[in-house]
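J.:
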Amino acid sequence: MAKKEQAADDAAKPAGKGKLKLIIIIVVALLLTIGASVGATWFIMNKKVHDAEAAKAEPTTPVRLPAIYEKLTPSFVVNFNVNGRQRYMQVGVALMGRDQAKMDELKAHLPQVRNQLVMLLSAQSYDALLTPVGKELLRQQATSKIQELAQKQVGQPTVEQVLFTNFVLQ
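In UniProt numbering, the protein residues as written are 1 to 170.
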């Protein structure tokens, strides 16, 4: 009888090891499935968040339009009286902007633009204009004056820079 019980125990041990292996395989497969599911969900959700952030970031980066130059002709000629001598300044001016429609609107006000520039140029000191610093200061003042005029007439500054294409002092 003892042999029969021992034989039954020997038969139960291999069956128990088989069930244990099956349970371990099922648990490992279940953990792999859960891990893959969590990883896929995280990847998809992170991709959607990243795409949404990229979509928000795209409109905030302004597209820089190409520069448009409007040359003011004829050149400006201003006379100065320096120590009893007549001196002259001839300045060629170009306006730089980036919005063609706004530049076209500003063209309707070119007499006012030219007037502002003539008044500014004639108010300068001849000696100050002999230095590069004086010329740059004049260019910045001209840009400021034209931007103020454009803001009033067109609704936005329109002109990014006033450029001197010719500058002669005699």
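We treat Cβ as the ideally placed atom computed from N, Cα and C, and that holds for glycine. A quick note: this is a predicted structure, and the numbers were derived from the prediction, not measured.
Out of Ile34, Leu163, Glu148, Lys21, which one is the CA nearest neighbour of Lys71?
T.: Leu163
J.: Suppose the cutoff is 6 angstroms on Cβ atoms and the five residues either side in sequence are ignored; what does the same chain contact list for Gly134 look like?
T.: Ala128
J.: Reducing DSSP to helix, strand and coil, say where Arg85 ends up.
T.: strand
J.: Using CA coordinates, which residue listed in Lys47, Phe76, Ala36, Leu20 is at the minimum distance from Phe167?
T.: Phe76
J.: Rounded to a whole number of angstroms, what is the C-alpha to C-alpha distance between residue 209 and Met89?
T.: The requested residue 209 is not part of the displayed model; the chain covers only 1 to 170.
J.: Return the first residue and the last residue of the beta strand (DSSP E) that Leu120 is part of.
T.: Note, Leu120: premise wrong, no beta strand (DSSP E); alpha helix (DSSP H) at 110-122.
J.: Buried or exposed: which applies to Thr165, given that a residue is buried once 16 or more other Cβ atoms fall within 10 Å of its Cβ?
T.: exposed
J.: Tell me where the beta strand (DSSP E) around Leu163 begins and ends.
T.: 159-169
J.: Does the Cβ-Cβ distance between Leu110 and Val154 come in under 8 angstroms?
T.: no
J.: Measure the Cβ-Cβ separation of Thr143 and Gln161 and say whether it is below 8 angstroms.
T.: yes
J.: Can you tell me the Cβ-Cβ gap for Asp99 and Thr158, rounded? I've got them flagged as a contact below 8 angstroms.
T.: 7 angstroms
J.: In three-state terms, what does DSSP make of Leu20?
T.: helix
J.: Looking at the unbroken alpha helix (DSSP H) that takes in Pro66, where does it start and where does it end?
T.: For Pro66, no alpha helix (DSSP H) encloses it, and the DSSP letter there is neither H nor E.
J.: Should Ala150 go down as buried or exposed, given a rule of 16 or more other Cβ atoms within 10 Å for buried?
T.: Per the 10 Å Cβ criterion, buried.
J.: If we count the other Cβ atoms within 10 Å of its Cβ and call it buried at 16 or more, is Met45 buried or exposed?
T.: exposed
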